[in-house]
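So in UniProt numbering, spot 363 of the sequence shown is number 363, and the numbers just go up one at a time. One structure is given below, encoded as structure tokens.
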Amino acid sequence: MEHLVNTFHLSLPVDLVAKTSRLVIDIGGSLGKILVCSDEAWSNAMAEKRREVGCECCTFPLGSIEEAGKHLQKLIKFTPGVVVYATGIGCIENQAYLEKILKVRLKILFENRAAVCGLTYTLKEMSIGEYIHAHEDDIDTFRKHLEELVKLNSKYVALYEEGAIAWKCHRLDEAYVADQIKMLQNPKLQADRFPCILATCGSLHAYQLVQADGSYSVHAPDFMGGKTLLGLASLLLNTQDFAEILRLASEGDNNVLDQTLVAYSSSLDVSHLNSAFFPFGRVPEPKQGRNYLDGISKNSIAASLMNLFIVKFVDSLRATSISSGAKHVYLSGSFIHHRWIRRQVMLRLLLKDVTNYTFTGQVGLSRHRAMVLGNCPFQRLSFQTHFIRHAPYLCSLGLMVEQAANQDKP
């Protein structure tokens, strides 16, 4: 199918898939996702008496729903009227068309419930190697970044000790870099993985606190997510899709337009520490007869746009995780399916933890909360962040698990 954005293969138990329609559909605000066990794959699994069957996951842009429907018709044939589980605003808007072309009946479920169901199944039924992205390929990048953060920490501690700044700065211990690298290389998931945070990063960003029994509470969603990024990039860069924005951003330098912590003077007042990063803060004043973006590459604009959304997401993620006390955070959704995005998210998380500790002596606590709660020893990373391999299809997996569970009910 020419219009596919990406594909992914997921092996699921035959006993699970047998209780479903072998197809689920998740169409959000920007992209559509399908998880399907084709007739061919199912027949082969039955003939060879396999315990697992391969399912195809695919993503398509909203403008290609018709092509996606035709693609599905080649993979699976239904008995007219069969129930197919679905979720997302796009399924509601296109329900009549999908039911007509596939000759099925859609049962549309709440997205948050589907995502949580997919996460609990992932954590309880799959091994860590199957569902967690490794950081091995980016370890050298993280080590270099951490070493730069240690230098930044030392700079501010020295300024404090010299009397150049009035507020106390806290020095990282010598084992900081080695301990962080060890944690990034060897993520550990013990029995205390619940409660955890599920951060869904798609057209909007949503955060759920998930308990071991599958119950969850929803934290305030952030509607300035991927769909807003697509719109802004289209206005500023005339881009048509997320892949193009990502390509430009990965080749650009956000420091051309962004004002960052290292550019600040040592006279920065403590009350402004939470504003130590200004997206597009270095954009020059417009000059007569000249556009302020003249001479600035598309790559740099895209890099700053992407950085704006990543930093905003990281801030919301940290706030949600810290307020809940969850030790593990799982990221899903199409926004973080790309390695470049995952790397940038981790770099920003590390920066936030180091700067927060430098200026407050706490990880994850504001100066006000630290004063209220008292001293808290420095903990390297206040929570562990895990990137799910089947990130765009977590809702789809949840739909399939939910349908199978409902078949078991009397």
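Beta carbons: idealized from backbone N, C-alpha and C, even for Gly.
*asked:* Taking its Cβ as the centre, do 16 or more other Cβ atoms sit within 10 Å of L235, making it buried, or is it exposed?
replied: exposed
*asked:* If you reduce the DSSP assignment to three classes, tell me which class C169 lands in.
replied: coil
*At which residue ranges does the region 17-72 contain complete beta strand (DSSP E) runs of 3 or more residues, listed in the order of the chain?*
23-27, 31-36 and 52-61
*Just reading off the beta strand (DSSP E) that R282 is part of, what are its end residues?*
R282 -> no beta strand (DSSP E), and no H or E assigned at all.
*Minimum length 3: unbroken beta strand (DSSP E) runs contained in the region 114-183*: none
*Following the continuous beta strand (DSSP E) through I296, name the residue where it begins and the one where it ends.*
Run containing I296: none; DSSP gives neither H nor E here.
*Do you know offhand how far H337's Cα is from K409's?*
34 Å
*Please look up how many angstroms separate the CB atoms of V329 and I197, rounded, as I've assumed it's under 8 Å.*
5 Å
*Backbone secondary structure at D258 - three-state DSSP*: coil
*Going by C-alpha distance, which of R247, A212, S203 and P61 is nearest M229?*
Per the sequence shown, residue 229 should be read as Leu rather than Met. Of R247, A212, S203 and P61, the residue nearest in Cα terms is S203.
*Look at A302 and D253 and say whether their C-beta atoms are less than 7 Å apart.*
no
*Between the CA atoms of L351 and K33 - distance to the nearest angstrom*: 33 Å
*asked:* Rounded to the nearest angstrom, what separates M306 and I92 at their Cα positions?
replied: 29 Å
*I388 and S323: beta carbons closer than 7 Å?*
no
*Determine the extent of the beta strand (DSSP E) in which T385 is found, giving its start and end residues.*
Q384 to F387
*asked:* Could you give the first and the last residue of the continuous beta strand (DSSP E) run that contains T87?
replied: V82 to T87
*Residue burial classification, V270 (beta-carbon count within 10 angstroms, cutoff 16)*: For V270, the pLDDT reaches just 39, beneath the cut-off of 50, and the residue's location in the model is therefore unreliable, although a value from the coordinates is still provided. Result: exposed.
_Quick check on this structure: which residue in F60, G28, V150 and E148 has the alpha carbon closest to the alpha carbon of L109?_
G28
*Have a look at I296 and S250 and give me their C-alpha separation to the nearest angstrom.*
16 Å
*Measure the alpha-carbon distance for H135 versus Q344 and round it to whole angstroms.*
12 Å
*Counting only runs of 3+ residues fully inside the region 197-227, write out the beta strand (DSSP E) ranges in chain order.*
205-210 and 216-222
*So which of V283, F242, P392 and V210 has the shortest CA-CA distance to S321?*
V210
*With a 10 Å radius around its C-beta and 16 neighbouring C-beta atoms as the bar for buried, classify G129 as buried or exposed.*
exposed
*Can you tell me which of V283, Q407, D241 and L349 puts its alpha carbon nearest to the alpha carbon of S334?*
D241
*asked:* What does the Cβ neighbour count give for E111, buried or exposed, with the cut at 16 atoms within 10 Å?
replied: buried
_Tell me which residues share the same chain as Q407 and place their Cβ nearer than 7 Å to its Cβ, disregarding the 5 neighbours each side in the sequence._
K19
_Quick test of your reading: L123 and N153, contact by CB under 8 Å. State the CB separation rounded to the nearest angstrom._
34 Å between Cβ atoms; not a contact.
*Given T7, which residues of its chain have a CB within under 6 Å of its CB, disregarding the five upstream and five downstream residues?*
C58
_Can you give me the C-alpha to C-alpha distance between V17 and V401, rounded to a whole angstrom?_
8 Å
*asked:* Per the DSSP calculation, residue 414 is bridged to which residue(s)?
replied: The displayed coordinates of the chain run from 1 to 410. Any statement about residue 414 would go beyond what the structure contains.
*Exposed or buried, what is M46 when buried is set at 16 or more other beta-carbons lying within 10 Å of its beta-carbon?*
exposed
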